[in-house]
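Novice:
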Amino acid sequence: MKQSEPLIGVIGAGIGGLAAAAALRARGFNVRIFEQAQKFARVGAGIQMTPNPMKVLRALGVEPELRRISFEPVSGLNRDYDSGAVTNELPLRTAIEARYGAPYLCAHRADLHMAIKNVVPDEVISFGRKLAGIDQGPSSVTLTFADGATEQVDALIAADGVHSIVRDAMLGKEEPRFTGRVAYRTTFPASLLGDKQIAPSRTKWWGPDRHIVIYYVTANRDEVYFVTSQPEDAGWMTPESWSTKGDVKALREAFSAFHPEVRHVLDSCPEVYKWALLARDPLPRWSEGRVVLLGDACHPMPPYMAQGAAMALEDAIVLARCLDGVEPEGFAAAFRRYEANRKPRASQIQQNSGKNTWMQHNTNPDWVYGYDAVTAPLTDSTVDPAVKIAS
Ligand code: FAD
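Right, dumping it as structure tokens:
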């Protein structure tokens, strides 16, 4: 049943959907999230929160909890894969906070997710609701779920991730390109490293055709995370999925030429998961009438700049700012304004991520880390400006 107060539906209780709901509720909107999962799973992955998304998390009231639970690295360290020579080091902690006004934290992905979930009341989220289709009328959107049930909302935010069915409904089935590469990742107890613990930095080890990123994900350094990228012949058979297992022996073999510190981490880890790395171009548009895309649904990117979730968080706050004070008749225009404000930046980062050169050598990260989605002036234009790709 449609309610008398305008209702904004959100598909997906991931990082982007939860953040959008929190930001909209703070502006007085009535929001409901529909999530396909029956409950949240603790996916074994780390996540870097650079100063730009940290400002969004601050605005949502998540920052104190994230500071309490996260690891704060000494530096962003980039090292040569076999010699271990430092090719670039970005000081973090007080240095980065002085530079950008927010910290750089490394967290367990599930802990970040839970910290955002905790600022959204339980009754806002409906689990076990898998969207199957949408039908847009002149003043509402009808949602049909996999079990045949329907709901009506005044506007829809599709934060349904990399396999977004709303994007497919809007733009046709997408055909991403397999990059020939796979990301292996896992978290495991730091105690398994024994006396040889990792450096207190976020370290990326750069090989000629592969790399590995390693860091702690908890404040008390009791859990370690790594994520790789490497060529893999049969990788095209791997899905983009958080639950697909990888072969830890094959992983160790693939990094056998790496520095002993890396090999020690790989030798200590009990199991791994893998995720196919696919490439996608920026979409022609992000909204259609009262339906709008957010996060990975509209700009999925390889994880090489650690900015995918950051962009979803920036999207969430800018979308809420564009909707602030807007009546339902203005939702479609507000969505186009959001797209006009977000697409140039998200597309630029999406395309730069694919190059996998970020921070390897001396790099000025101001344009990425210095952006503040909470206060950045917004253009009133609803026209998508030409997307310029800079390095
Ligand atoms: P998701 O987190 O994928 O959430 C989508 C939600 O929608 C899910 O809960 C899903 O169950 C739900 N859903 C999907 N379909 C339906 C449906 N039909 N009906 C109802 N619900 C549905 N980003 C960073 O900023 N920093 C990092 O360090 C970083 N590291 C990464 C490492 C790896 C290996 C990978 C793969 C990604 C990494 N990212 C990182 C990117 C980041 O994980 C994503 O960009 C981010 O999770 C996107 O959030 P989202 O809310 O758009 O989508």
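In this text, residue positions in the sequence shown follow this note's numbering: the first is 288, and each later residue adds one.
Every residue gets a Cβ at the ideal spot worked out from N, C-alpha and C, and that includes glycine.
All values derive from a computational prediction rather than experimental measurement.
With distance defined between alpha-carbon atoms, name the residue in 301, 449, 484, 404 nearest to residue 510.
Specialist: Residue numbering aside, residue 510 sits at position 223 when the sequence shown is read from its first letter. Among 301, 449, 484, 404, the Cα nearest to that of residue 510 is on 484.
Novice: Between the beta-carbon of residue 489 and the beta-carbon of residue 500, is there less than 9 Å?
Specialist: The count along the sequence shown starts at 1 and reaches residue 489 at position 202. The count along the sequence shown starts at 1 and reaches residue 500 at position 213. Going by C-beta atoms, residue 489 is nearer than 9 Å to residue 500.
Novice: Starting from residue 393 and walking both ways along the beta strand (DSSP E), at which residues does that stretch end?
Specialist: Here residue 393 refers to the residue found at position 106 when the sequence shown is read from its first residue. It spans 392 to 395 - the beta strand (DSSP E) in which residue 393 sits, taken as one unbroken run.
Novice: Apart from the five residues on each side of it in sequence, which residues of its chain come closer than 8 Å, Cβ to Cβ, to residue 366?
Specialist: Here residue 366 is taken as the residue at index 79 of the sequence shown, counted from 1. Closer than 8 Å at the Cβ level, and outside the excluded window around residue 366, lie 372, 373, 374, 490, 491, 492, 493, 546.
Novice: Suppose the cutoff is 8 Å on Cβ atoms and the five residues either side in sequence are ignored; what does the same chain contact list for residue 474 look like?
Specialist: Along the sequence shown, read from residue 1 onward, the residue named residue 474 stands at position 187. Counting only Cβ-Cβ distances below 8 Å, and skipping sequence neighbours, we find 331, 332, 333, 395, 504, 510, 511, 512.
Novice: In whole angstroms, what is the alpha-carbon distance linking residue 338 and residue 521?
Specialist: Residue numbering aside, residue 338 sits at position 51 when the sequence shown is read from its first letter. Residue numbering aside, residue 521 sits at position 234 when the sequence shown is read from its first letter. Each residue's alpha carbon lies about 37 Å from the other.
Novice: Which residue marks the beginning of the alpha helix (DSSP H) containing residue 381, and which one marks its end?
Specialist: Numbered from its first residue, the sequence shown carries residue 381 at position 94. 380 to 387 is the span of the alpha helix (DSSP H), which, as asked, contains residue 381.
Novice: Check residue 336 in the structure and name its three-state DSSP category.
Specialist: As a position in the sequence shown, residue 336 is number 49, starting the count at 1. Note: residue 336 maps to strand in three-state DSSP.
Novice: Is any heavy atom in the ligand FAD found nearer than 8 Å to the beta carbon of residue 581?
Specialist: Working through the sequence shown from its first residue, we reach residue 581 at position 294. Under cutoff, so the answer is yes.
Novice: Exposed or buried, which one is residue 648 when buried takes at least 16 other CB atoms within 10 Å?
Specialist: For the purposes of this step, residue 648 is taken as residue 361 along the sequence shown, with counting starting at 1. Residue 648 is exposed by the Cβ-count criterion.
Novice: Determine the DSSP secondary structure at residue 622, reduced to helix, strand or coil.
Specialist: Sequence index remark: in the sequence shown, residue 622 carries index 335 (1-based). In the structure shown, residue 622 sits in a helix (DSSP, three-state: H, G or I).
Novice: May I ask you to report which of helix, strand or coil DSSP gives residue 492?
Specialist: Residue 492 sits at position 205 when you count from the first residue of the sequence shown. Residue 492: strand per DSSP, three-state reduction.
Novice: Taking the straight line between their C-alpha atoms, what separation do you get for residue 598 and residue 604?
Specialist: Here the question's residue 598 lines up with position 311 in the sequence shown. Here the question's residue 604 lines up with position 317 in the sequence shown. Approximately 10 Å between the Cα atoms of the pair.
Novice: I think residue 407 touches residue 305, with their Cβ atoms under 8 Å apart; what is that distance to the nearest whole Å?
Specialist: On the sequence shown, position 120 is the one that residue 407 refers to. On the sequence shown, position 18 is the one that residue 305 refers to. Right, the Cβ-Cβ distance comes to about 5 Å (below 8 Å), so this counts as a contact.
Novice: Residues in the same chain with beta-carbon distance under 6 Å from residue 556, minus the five sequence neighbours each way, listed in chain order, please.
Specialist: Numbered from its first residue, the sequence shown carries residue 556 at position 269. Correct list, in chain order: 473, 475.
Novice: If you follow the beta strand (DSSP E) that residue 422 is in, where does it begin and where does it stop?
Specialist: The count along the sequence shown starts at 1 and reaches residue 422 at position 135. 418 to 423 is the extent of the beta strand (DSSP E) around residue 422.
Novice: Between the alpha carbons of residue 591 and residue 335, how many angstroms are there, rounded?
Specialist: Here residue 591 refers to the residue found at position 304 when the sequence shown is read from its first residue. Here residue 335 refers to the residue found at position 48 when the sequence shown is read from its first residue. In a straight line, the C-alpha of residue 591 is about 11 Å away from that of residue 335.
Novice: Given residue 620, which residues of its chain have a CB within under 7 Å of its CB, disregarding the five upstream and five downstream residues?
Specialist: Along the sequence shown, one-based indexing puts residue 620 at 333. Hits under 7 Å: 669.
Novice: For the alpha helix (DSSP H) holding residue 452, just list the boundary residues, first then last.
Specialist: Residue numbering aside, residue 452 sits at position 165 when the sequence shown is read from its first letter. Start and end: 452 to 458.
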